[in-house]
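**Q** Here it is: the structure, laid out below.
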Amino acid sequence: MNDKITVSKTNNENIDFVNLVAALDTGLWACYPELKTNYWGNNIIELNSNVVIIYLDNKAVACGCFKKQDENTIEIKRMFVSPEARGLGLAKRILQELELWAKELGYGISVLETLYKQKEAIGLYQKVGYIIVENYEPYVGLENSICMQKQI
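If you want it as structure tokens, here you go:
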């Protein structure tokens, strides 16, 4: 692969992150319109200084972020790889970057939520060490949610 990959740590006000998240939301709601009312509020990212963007040949193609859940735990949010960049291992790379960053900040546990229909995402998360756990707030009682956890 001759493509140049660069990783950038930034915040959620970065226009490339904003655009990638808009593409993520568009794709999710197109696939799962019936879930929008149950999940939309859980996807709003307040000011967040823990955003990673991957650029492929200077084009933003993948992103993710984390937010503090408690003193020892972060929650992975807004994982996305644009369709033209899938299959290059970028989702795994985003996860690694986020986990390393969280570990450097003193966190020991990473959690995340995904939809049970997102089989590829669940497979990736399990491949890198996440295990399925009971749903945590605000996903308790939402049968479409799969919550996962990993020691980092």
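Note that this note's numbering gives residue 101 to position 69 of the sequence shown, counting from 1, and the numbers run on in steps of one.
For every residue, glycine included, the Cβ atom is placed at its ideal position computed from N, Cα and C.
Given the structure is predicted, the values throughout are model-derived calculations rather than measurements.
1) Could you tell me which residues DSSP puts in a beta bridge with Cys95?
2) Considering Cα atoms alone, identify which of Lys151, Leu132, Gly173, Lys36 is closest to Asn90.
3) If you draw a straight line from the alpha carbon of Lys182 to that of Lys135, how long is it in whole angstroms?
4) What did DSSP end up calling Glu131 once you bin it into helix, strand or coil?
5) Among residues of its own chain, excluding the 5 on either side of Leu122, which ones have a beta-carbon nearer than 6 Å to its beta-carbon?
6) Run through DSSP, which three-state label would Lys100 get?
7) Please report how far the alpha carbon of Ile141 lies from the alpha carbon of Ser40, in whole angstroms.
8) Could you spell out where the alpha helix (DSSP H) holding Leu120 opens and where it closes?
9) Just mark Val83 as buried or exposed, buried being the case when its beta carbon has 16 or more other beta carbons within 10 Å.
**A** Quick answer:
1) To locate residue 95, count along the sequence shown from 1; it is residue 63. DSSP lists Ile85, Phe112 as partners of Cys95.
2) In the sequence shown, the residue the question calls residue 90 occupies position 58. Among Lys151, Leu132, Gly173, Lys36, the Cα nearest to that of Asn90 belongs to Lys36.
3) One-based indexing of the sequence shown puts residue 182 at position 150. One-based indexing of the sequence shown puts residue 135 at position 103. Roughly 12 Å between the two C-alpha positions.
4) Taking the sequence shown and counting its residues from 1, one reaches residue 131 at position 99. The answer is helix: DSSP assigns Glu131 an H, G or I state.
5) Counting from 1 along the sequence shown, the entry for residue 122 is found at position 90. Excluding positions up to five away in sequence, the list reads Ile86, Ala94, Val113.
6) Looking up residue 100 in the sequence shown gives position 68. Strand, per DSSP.
7) As a position in the sequence shown, residue 141 is number 109, starting the count at 1. As a position in the sequence shown, residue 40 is number 8, starting the count at 1. Taking the straight line joining both Cα atoms gives about 23 Å.
8) Locating residue 120 in the sequence shown gives position 88, counting from the first residue. Where Leu120 is concerned, there is no enclosing alpha helix (DSSP H), given that its DSSP letter is neither H nor E.
9) Within the sequence shown, numbered from 1, the residue matching residue 83 stands at position 51. By the 10 Å Cβ count, Val83 comes out buried.
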